[in-house]
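Colleague:
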Ligand code: DGL
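Numbering (my numbering), first residue to last: 8 to 283.
If you want it as structure tokens, here you go:
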């Protein structure tokens, strides 16, 4: 009789720690999988890179990671990278890629005031991919695209244990709150994976209560639809492998965020980031 199927290897990728918000949901859905979490912190922040530089960077780093990890499935847990680089990644590699893109459709379907903000990095806001999502799924809502130049870096600082003033976070999210013609924003899409990791601060600093839309549960469902659900009999999960390109990731901090055992971190040597 054949033994139990080998658990899939899933590579979860972001420019920094933000992808951990997506990782948590995937690990809940497939706790048996063998996970690698990779952060291209030498390229952070992706939100400042041109589309050309970003596609080149993500392509290069992903070639190296795929060679080293041999994943069965890759999750690009980064809106900024997904909205630019998914087509070229899918064209270059055979395994399935699951992207993370602004959750315009569920947000607009849920909004009662019909006014929705998309909070994202400047790169994601600029992307044709994002305008196309708004055109296709606004469903009659007014959609405000809100570029945040600093919120991903502020979240990264909070997650690394630094203290960040409320005022700095409040200034980044204030433009999401629009009240015009008797209609006020009631739904904000967290269109950068870093933001759900500081959701408590965002809710506390909101100008009024809104629904915050985090795409992570939908991404986990997509992963399960591609590779199937977890088996009934679960073995002890393997420690998550951590890879970064700048500084070694801190296993203690990451283990606390994802509530899973993590292995000693690895560094991946990568070429310099293109500047134009
Ligand atoms: N976490 C990334 C995203 O979802 C962005 C952070 C960055 O600018 O690198 O868009």
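Even for Gly, the Cβ is constructed at its ideal location relative to N, Cα and C. Owing to the predicted nature of the structure, the values given are computational and were not obtained by experimental measurement.
Can you find the residues in the same chain that come closer than 7 Å, C-beta to C-beta, to residue 122, ignoring five residues on each side of it along the sequence?
Modeller: Mapped onto the chain shown, residue 122 falls at position 115. 148, 149, 185, 190, 191, 192 and 193, listed in sequence order.
Colleague: Let me check understanding here. Comparing Cα to Cα, which of 199, 164, 213 and 202 lies closest to residue 181?
Modeller: The residue labelled residue 181 in the question sits at position 174 within the chain shown. The candidate whose alpha carbon is nearest that of residue 181 is 213.
Colleague: Am I right that residue 195 and residue 183 are in contact with their C-beta atoms under 8 Å? What's the rounded C-beta distance?
Modeller: Residue numbering aside, residue 195 sits at position 188 when the chain shown is read from its first letter. Residue numbering aside, residue 183 sits at position 176 when the chain shown is read from its first letter. Going by Cβ atoms, the distance from residue 195 to residue 183 rounds to 5 Å, so yes, they are a contact pair.
Colleague: Counting only runs of 3+ residues fully inside the stretch 212-239, write out the beta strand (DSSP E) ranges in chain order.
Modeller: Segments of the beta strand (DSSP E) lying fully in the stretch 212-239: 218-220.
Colleague: Would residue 211 be called buried (16 or more neighbouring beta carbons within 10 Å of its own) or exposed?
Modeller: In the chain shown, counting from the first residue as 1, residue 211 sits at position 204. When all chains shown are included, residue 211 counts as exposed.
Colleague: Anyone know if the C-beta pair for residue 18 and residue 265 falls short of 7 Å?
Modeller: Along the chain shown, read from residue 1 onward, the residue named residue 18 stands at position 11. Along the chain shown, read from residue 1 onward, the residue named residue 265 stands at position 258. No; because the gap between Cβ atoms is not below 7 Å, this pair is not in contact.
Colleague: Which residues in the same chain have their Cβ closer than 8 Å to the Cβ of residue 94, if we skip the five residues on either side of it in sequence?
Modeller: One-based indexing of the chain shown puts residue 94 at position 87. Excluding sequence neighbours, residue 94 sits near nothing in its chain.
Colleague: From 277, 156, 110 and 120, pick the residue whose C-alpha is nearest to that of residue 138; which is it?
Modeller: Here the question's residue 138 lines up with position 131 in the chain shown. Comparing Cα positions, the closest option is 110.
Colleague: If you count every other CB in all the chains shown that lies within 10 Å of the CB of residue 201, and 16 or more means buried, which is it?
Modeller: Along the chain shown, one-based indexing puts residue 201 at 194. The residue is buried, with at least 16 neighbouring Cβ atoms inside 10 Å.
Colleague: Tell whether a beta-carbon distance below 7 Å holds between residue 128 and residue 54.
Modeller: Within the chain shown, the letter at position 121 stands for residue 128. Within the chain shown, the letter at position 47 stands for residue 54. In this structure, residue 54 lies closer than 7 Å to residue 128 by Cβ.
Colleague: Note down, one range per segment and in chain order, each alpha helix (DSSP H) of at least 4 residues found wholly within the stretch 128-209.
Modeller: For the stretch 128-209, whole alpha helix (DSSP H) runs of length 4 or above, ordered along the chain, are 129-133, 135-144, 158-166 and 173-180.
Colleague: Residue 52: beta carbon under 6 Å from a heavy atom of ligand 1?
Modeller: Position 45 of the chain shown, counted from the start, is the residue given in the question as residue 52. Yes, Cβ of residue 52 sits closer than 6 Å to a heavy atom of ligand 1.
Colleague: Can you tell which of 246, 38 and 44 has its C-alpha closest to the C-alpha of residue 25?
Modeller: By one-based count along the chain shown, residue 25 stands at place 18. For residue 25, the nearest C-alpha among the options comes from 44.
Colleague: Could you check whether residue 269 and residue 261 sit closer than 7 Å to each other, using their CB atoms as the reference points?
Modeller: As a working mapping, residue 261 is identified with position 254 in the chain shown. As a working mapping, residue 269 is identified with position 262 in the chain shown. Yes, the Cβ-Cβ distance between residue 261 and residue 269 is below 7 Å.
Colleague: Leaving out five residues before and five after residue 146 in sequence, what residues of the same chain have Cβ atoms less than 6 Å from its Cβ?
Modeller: The residue given as residue 146 occupies position 139 in the chain shown. Cβ neighbours of residue 146 beyond the five flanking positions: 115.
Colleague: Taking the straight line between their C-alpha atoms, what separation do you get for residue 136 and residue 61?
Modeller: Position 129 of the chain shown, counted from the start, is the residue given in the question as residue 136. Position 54 of the chain shown, counted from the start, is the residue given in the question as residue 61. So the two alpha carbons sit approximately 14 Å from each other.
Colleague: Since residue 45 sits in a beta bridge, which residues does DSSP pair it with?
Modeller: Position 38 of the chain shown, counting from 1, holds the residue named residue 45. Residue 45 is bridged to 20 and 250.
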